[in-house]
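Engineer: For the sequence shown, the residue numbers in this note's numbering are -18 to 406. By construction, the Cβ of each residue, glycine as well, lies at the ideal position given by its N, Cα and C atoms. Everything numeric in this text was worked out from a predicted model, so none of it was measured.
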Amino acid sequence: MCRVKKSEPWRCTCGKKAEGLTCPEGTYESCGWSCKKNCRNKGDGSCTKKNGTKGTLCHECVCLGTECVRTAPSNLEAVSLSAEQAQITWTPGTGATSQNLFLDESAAAVEGLCNDGCRLIVQNMEPTVSSYITEPVLEPGKTYYYKIMSLEIYEDNLRECSPRSASASFEHWPLLDRPWWQAAAGNIHAEGTVSNHLPAASYLIASDLWGTGGMVSYGGALDLGAGRISENGLNWRANTSYRGLKTGYGYFRRILQDDPEGIGVWNGEKPEESGIYQGANLGQTSGADWKVAAGEKIVILHEGDLVINQNIEVDRGGFLAIIVSGDITIADGVTEVQGVYVADGKLFTCHSLSCGDSGGLGVENYQLKAEGIFTAWEGVELRRDFNSADNNLHPAELFVYRPDLVVNAHKYLLRPYIDWQEVAP
């Protein structure tokens, strides 16, 4: 006699003793008839002879249905599309009847199939779907874990196939379509528009260790992308134009002539001694990387355009000013310049028209860190680009204000302060 357990309709026992049949996944145990010459009468089944047949039909457990054939997805990849969305792609497994997607910051939640909720749950996708663009639920800078699951479901409810799945993770940093720049603890002014394609949660003016920020002023408009003005939250800004004295090459050349020690001739290399030097049409700096030590005070006047070919370091207590009548261009391979730089023309942050980081140098070996005071009377052209996800985290150009350079400036560069008072005779 074949008995079926109500709680497990896919299992049965034959006779008084279960046969212990193990069926392949996707099939199920059931009672069936088998034509045999003789039935075994040891509790494994009961025999009945069917009239009109030469053999004997015996009850026994058999495996019915079709085995599970679904396979796991593969080749999981995720690409950040924007600050809040990403696209997930994969190769679907075979034999599935549907697919599910689970995504969250918690790997444990995803592995637990999001029973307590997840950032994203997508169920009953078609078995051939191989791509999904998330809803705008992501946050830049976070790591997300996700699982794609292949399911095989039978309509008879007698069979079940355990899911086959694949998991992966990705850091959500949407690749910006252009780089950005930043100042640190200093002021910014442009006669025209200040434009900076800042990523989310970033600032035009970062604070120093003491929380000091700065102010941005502009004669045109202010466009900061998805970022904000200042890290300290004060967000000082002024829509105004500069109406002061143009302190360019001609101005400084006149006042530096008052130095009784005179003006030396500059050959393009770092001068060995403190003093004021004049060069003309040299085109570029030369020699090894420059280092201005504490106590050294050097002022270089150059007539014409000038390319900075060396990294230039100015120690605390030292001073360097380079003042030109044309443009100042920083060579592509230069990553650090320090000092005071004044150009009657423009300031270019690299020599090439497009000097993107095509060699994968990264932030440390490609970002331009400019410390000091930078003035270009005809504007600044910011040309550096990481050409990678580094654009999401780091400015391609970082300008850091150095107040010590004002304190240590050559005395003839400072405007005299005259206090006129009427006094009794």
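(1) Return yes when the Cβ of Glu107 is within less than 8 Å of the Cβ of His153, no when it is not.
(2) In terms of residue numbering, what span does the alpha helix (DSSP H) encompassing Glu92 cover?
(3) Once you ignore the five residues that flank Asp270 on each side, which residues in its own chain have a CB closer than 6 Å to its CB?
(4) Tell me the DSSP bridge mates of Asp85?
(5) Could you tell me which of Ile102, Ala88 and Met130 sits nearest to Gly74, measuring between CA atoms?
(6) Enumerate in chain order the residues of its own chain whose CB-to-CB distance from Glu212 is below 6 Å, with the five nearest sequence positions on each side excluded.
(7) With 16 as the cutoff for other CB atoms within 10 Å, does Arg224 come out buried or exposed?
(8) Within 10 Å of its beta-carbon, does Leu226 have 16 or more other beta-carbons around it, so buried, or fewer, so exposed?
(9) If you draw a straight line from the alpha carbon of Val175 to that of Ala202, how long is it in whole angstroms?
(10) Beta-carbon within less than 6 Å of Gly249's beta-carbon, same chain only, minus the 5 sequence neighbours each way: which residues are those?
(11) Closer than 6 Å by C-beta to Tyr100: which residues in its own chain qualify, once you throw out the five before and the five after it? Chain order, please.
(12) Checking 8 Å against the spacing of the C-beta atoms, do Gly299 and Ala275 come in under that value?
(13) In chain order, what residues of the same chain have a beta carbon less than 7 Å from the beta carbon of Thr78, not counting five sequence neighbours either side?
(14) For the beta strand (DSSP E) containing Leu185, list its first residue and its last residue.
(15) When you compare the CB positions of Ser63 and Pro155, do they come within less than 8 Å of one another, or not?
(16) Report yes if the C-beta distance between Ile257 and Asp240 is below 8 Å; otherwise report no.
(17) Suppose you measure from the CA of Arg235 to the CA of Lys123; what does that come to, to the nearest Å?
(18) Which partner residues of Lys350 appear in the DSSP bridge assignment?
(19) Whose C-beta lies closer than 6 Å to the C-beta of Arg297 among residues of the same chain, with five residues either side of it excluded?
Structural biologist: Result, derived from the coordinates:
(1) Not closer than 8 Å, so no.
(2) For Glu92, the uninterrupted alpha helix (DSSP H) run begins and ends at Ala88 to Glu92, by DSSP.
(3) Taken in chain order, the residues that qualify are Gln291 and Asn292.
(4) Under DSSP, the beta-bridge partners assigned to Asp85 are Tyr126.
(5) If we check each option's Cα against that of Gly74, Met130 comes out closest.
(6) In chain order, Tyr184, Ala187 and Ser188 place their CB closer than 6 Å to the CB of Glu212, counting only its own chain and leaving out the 5 sequence neighbours on each side.
(7) By the neighbour-count criterion, in which 16 or more other beta carbons inside 10 Å mark a residue as buried, Arg224 falls on the exposed side.
(8) Residue environment: Leu226 is assigned as exposed (fewer than 16 neighbouring CB atoms within 10 Å of its CB, all protein chains considered).
(9) Whole-angstrom Cα-Cα distance: 6 Å.
(10) Excluding the 5 residues flanking it on each side, Gly249 has same chain C-beta neighbours closer than 6 Å at Leu263, Thr266 and Ser267, in chain order.
(11) It is worth fixing the name first, because residue 100 is Arg in this sequence and not Tyr. Excluding its 5 nearest sequence neighbours in each direction, Arg100 has C-beta neighbours in its own chain below 6 Å: Leu84, Asp85 and Val118, listed in chain order.
(12) Going by C-beta atoms, Gly299 is nearer than 8 Å to Ala275.
(13) Its chain contains Pro108, Leu132, Glu133 and Ile134 as the residues whose beta carbon lies nearer than 7 Å to that of Thr78, once the 5 sequence neighbours on both sides are disregarded; these appear in chain order.
(14) Tyr184 to Ala187 is the span of the beta strand (DSSP E), which, as asked, contains Leu185.
(15) Pairing Ser63 with Pro155 gives a Cβ-Cβ distance under 8 Å.
(16) Yes, Cβ-Cβ distance for Ile257 and Asp240 is below 8 Å.
(17) One C-alpha to the other measures close to 56 Å.
(18) Its beta-bridge partners are Glu317 and Leu379.
(19) Around Arg297: Asp385.
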